[in-house]
Amino acid sequence: MGRPAKFTHSQLQAAALALVDREGLAGLSMRALAAELGTGAMTLYNYVKQREDIDLLVVEAVIGEAHWAPDAYPQWQDEVRAIATALWQAVRAHPHAIPLILTRRSRSPAVFEVTEAMLHALARSGRSGEGLLVAFRAVSALITGLAQAELAGPLALQATESAELTIARFRALPKDRFAHLIDIANAAAGSTADGEFHASLDLLLAGLSANGGGGR
């Protein structure tokens, strides 16, 4: 009888994701993950064979946090909104993992499942082929793009100056040349990432609805 596994797959996922959340992708390695689990690198090779396996642990952990009601949705827009919101909440909670999601998604069964669910919802609008592809990419880009912007944008918590100072710098620009930039800087003072996501998603869904089956 073989020796029982020391770690479950869920434990490996949780440890890899915790490492990325804390250290960023630069801190993700076989040795670092072994230390996170309190074991040696050689022991870890019993579970993962290469760096890509560790990357997939992170992707699976993030996507696994996306949950939406399995009930039938009366309108396709409602289903797209539910899935997109679930993904937004999961990705936003772990923005350092976005590059892995984008580059490893073609190798992750977890991503296959949620992608098929989103495509099914969008296909209910009458789209197929290129129209379905474009709609899917538009929704996906909105989710990951806004999450990355929140992490790395000028008003991000990790920015080198406070949001107040950044907004004040925009407000101080010449009004005759940068009226619209000043306008959105003023709006940003009271805006939230979550609010912007939902408003952006509403705009996108309205456009997709007006475009019917996805013809150009």
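Per our numbering, residue 94 is the first one in the sequence shown, and the count goes up by one each step.
Just so you know, even glycine gets a beta-carbon here, dropped at the ideal spot from N, CA and C.
Just so it is clear, the structure is predicted and the values come from calculations on it, not from any experiment.
Legend entry - Through-space distance from G222 to V155, alpha-carbon basis: Start at 1 with the first residue of the sequence shown, and residue 155 comes out as number 62. Start at 1 with the first residue of the sequence shown, and residue 222 comes out as number 129. The straight-line gap from Cα to Cα measures roughly 28 Å.
Inset, instruction - Could you tell me which uninterrupted beta strand (DSSP E) segments, each at least 3 residues in length, are contained entirely in the segment 257–297, listed from first to last along the chain? - result: If you keep only unbroken beta strand (DSSP E) runs of at least 3 residues inside the segment 257–297, you get nothing at all.
Legend entry - D269 versus R220: straight-line alpha-carbon distance, rounded: Within the sequence shown, numbered from 1, the residue matching residue 269 stands at position 176. Within the sequence shown, numbered from 1, the residue matching residue 220 stands at position 127. In a straight line, the C-alpha of D269 is about 44 Å away from that of R220.
Inset, instruction - Determine the direct distance from the alpha carbon of V113 to that of A128, and round the result to whole angstroms. - result: The residue you call residue 128 lines up with position 35 of the sequence shown. The residue you call residue 113 lines up with position 20 of the sequence shown. Rounded to the nearest angstrom, the two C-alpha atoms are 13 Å apart.
Legend entry - Span separating the alpha-carbon of L297 from that of A134: As a working note, residue 297 is residue 204 in the sequence shown. As a working note, residue 134 is residue 41 in the sequence shown. CA-to-CA, the gap between L297 and A134 works out to about 46 Å.
Inset, instruction - Report the option in E145, A299, T136 whose CA atom is closest to the CA atom of K99. - result: Within the sequence shown, residue 99 is the residue found at index 6, counting from 1. Checking every option, the nearest Cα to that of K99 belongs to T136.
Inset, instruction - May I ask you to verify whether the segment 157–177 touches the segment 207–221, counting CB pairs closer than 8 Å and requiring at least 3? - result: Contact holds: three or more Cβ-Cβ distances are below 8 Å.
Legend entry - Extent of the continuous alpha helix (DSSP H) run through V319: Residue 319 lies beyond the residue range present for the chain, which begins at 94 and ends at 309; the question has no answer from this structure.
Legend entry - Assigned exposure category for P188 - 16 Cβ within 10 Å defines buried: Here residue 188 refers to the residue found at position 95 of the sequence shown. P188 is buried by the Cβ-count criterion.
Legend entry - Beta-carbon separation (whole angstroms), L149 vs R200, contact threshold 8 Å: Counting from 1 along the sequence shown, the entry for residue 149 is found at position 56. Counting from 1 along the sequence shown, the entry for residue 200 is found at position 107. About 6 Å separates the two Cβ atoms, so the contact holds.
Inset, instruction - State the Cα-Cα distance for the pair V227 and G131, rounded to the nearest angstrom. - result: Position 134 of the sequence shown, counted from the first residue, corresponds to residue 227. Position 38 of the sequence shown, counted from the first residue, corresponds to residue 131. Cα to Cα, V227 sits roughly 45 Å from G131.
Legend entry - Alpha-carbon to alpha-carbon, E145 and E206: Position 113 of the sequence shown holds residue 206. Position 52 of the sequence shown holds residue 145. Their backbone Cα atoms lie some 20 Å apart in a straight line.
Inset, instruction - Count the other C-beta atoms from every protein chain shown that fall within 10 angstroms of the C-beta of Q106, then say buried if there are 16 or more, exposed otherwise. - result: The residue labelled residue 106 in the question sits at position 13 within the sequence shown. Q106 should be labelled buried.
Legend entry - Per-residue burial, I147 [other beta carbons within 10 Å of its own, 16 or more giving buried]: Taking the sequence shown and counting its residues from 1, one reaches residue 147 at position 54. Classification for I147: buried.
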